[in-house]
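Residue numbers (our numbering): 21 to 159. Glycine included, every Cβ here is placed at the ideal spot set by N, Cα and C. Keep in mind that this is a model prediction, so the values were computed, not measured.
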Amino acid sequence: MCNLGNCYYDGMGVIKDLNTARVWFTRAAEKGDVDSKAALGLMLLKAEGGPMDAKRGIALWEESSGEGHPVARSNLKELGLVAAGISDDACREMFSVLGKGALPALEKLILYENQIGDAGITAFADAVSKGALPKFSHL
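As structure tokens, then:
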């Protein structure tokens, strides 16, 4: 199932379809596949193949990191969402989740080439000012 998710995510041998990739990653993650949990977590954070769900995406990364997945472990420290279509609304959701203590080990957040305006930056500043990201050092 994870392999099917990868095929649809990358368009390998099939037409690229993020909705279908998300379905296959979800099915595999529900069966305990650690790679699918990490992939689905990223899709949820980037709103690929469906709506953004930062809380669930981070939870899947934490779970897969705990199961030894190296990329998920790395993402908990350095979150790269380059050109992910992150808007002010999505930024507010993400920082609301971070403001509640998710990703306490996050050191670096990469958000360039997104559509984040004043509202998104204000949400970020609010989360940081509340001590949500104690190890954070790079934006």
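Give the C-beta separation of N23 and G69 to the nearest angstrom, bearing in mind that I take them to be a contact with Cβ-Cβ under 8 Å. Actually they do not touch by this definition, with Cβ atoms about 17 Å apart.
Consult DSSP for K128 and reduce its assignment to one of helix, strand or coil. strand
Which residue comes first and which comes last in the alpha helix (DSSP H) that contains V43? L38 to E50
With a threshold of 16 other CB atoms inside 10 Å of the CB of I35, please say whether the residue is buried or exposed. exposed
K150 lies in the alpha helix (DSSP H); which residues open and close that run? Per DSSP, K150 belongs to no alpha helix (DSSP H) and is neither H nor E.
Between which two residues does the alpha helix (DSSP H) carrying V54 extend? V54 to K66
What residues in its chain sit with their C-beta under 7 Å from that of A49, if we drop five residues either side in the sequence? S56, K57, L60 and L80
Would V117 and A74 be called neighbours here (beta carbons separated by less than 8 Å)? yes
Judging by CA-CA distance, which residue of L62, V148 and R93 is the nearest neighbour of G77? L62
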